[in-house]
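These notes are about the structure you will find just below.
Numbering (this note's numbering), first residue to last: 589 to 739.
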């Protein structure tokens with residue numbers, strides 16, 4: 589069983605890759621329509637990657653890894669294209685125009701904003717509210733600052 593309760597950078601992406609490689613024969617199949625393959629991606633692979641995304645602290649590298657992973661899967665779903673008799677892999681702009689859904693990074697940001705609105709309406713004595721909006725007391729060792737959820 590895969591443990592998705594703790595986010596450790598690329599581990600979530602690795603779990604999405606495991607799910608993708610388990611379904612790659614289905615996503616390559618000529619028997620299924622592209623919209624069916626997209627539904628499979630949204631229902632299985634993307635949900636595996638998005639589990640618990642409300643509480644993640646994302647860096648730019650994490651956003652890039654999520655985007656790369658999503659584009660890899662969409663390129664497999666939509667396949668190559670022929671341009672002047674030469675076959676090539678679809679460009680990212682072509683994928684976004686075909687897919688017509690928000691990217692996985694936008695979905696993560698929207699989920700985090702929903703969670704922020706949910707916690708902002710809580711009472712002041714709820715631990716989640718205290719952790720999210722309070723300023724930590726004391727001092728820390730000198731090193732690069734750790735990102736907080738609000739940042």
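Where is the CB? At the ideal position from N, CA and C, for every residue including glycine.
Exercise for review: Would you identify the three-state DSSP class for residue 634, choosing helix, strand or coil?
Suggested key: Looking at residue 634 - three-state DSSP - the assignment turns out to be helix.
Review point. If we ignore side chains and look at the alpha-carbon of each, how far apart do residue 643 and residue 625 end up?
Key: The alpha-carbon of residue 643 is positioned some 29 Å away from that of residue 625.
Check your understanding: What are the boundary residues of the alpha helix (DSSP H) that includes residue 703?
Key -> Annotation for residue 703: the continuous alpha helix (DSSP H) segment containing it runs 692-708.
**Study point:** Ranges of the alpha helix (DSSP H) found wholly within the stretch 645-700, counting only runs of at least 4
**Key:** DSSP runs (the alpha helix (DSSP H)) wholly in the stretch 645-700: 648-666, 680-687.
Review point. Which residue comes first and which comes last in the alpha helix (DSSP H) that contains residue 626?
Key: 622-628 is the span of the alpha helix (DSSP H), which, as asked, contains residue 626.
Practice item. Quick one: measure Cβ to Cβ for residue 663 and residue 646, integer angstroms, because I've assumed they're closer than 8 Å. Key: The beta-carbon separation of residue 663 and residue 646, rounded to 23 Å, does not stay under the 8 Å limit for a contact.
**Study point:** Own chain residues within Cβ distance below 6 Å of residue 675, not counting five before or after
**Key:** Excluding its 5 nearest sequence neighbours in each direction, residue 675 has C-beta neighbours in its own chain below 6 Å: 668, listed in chain order.
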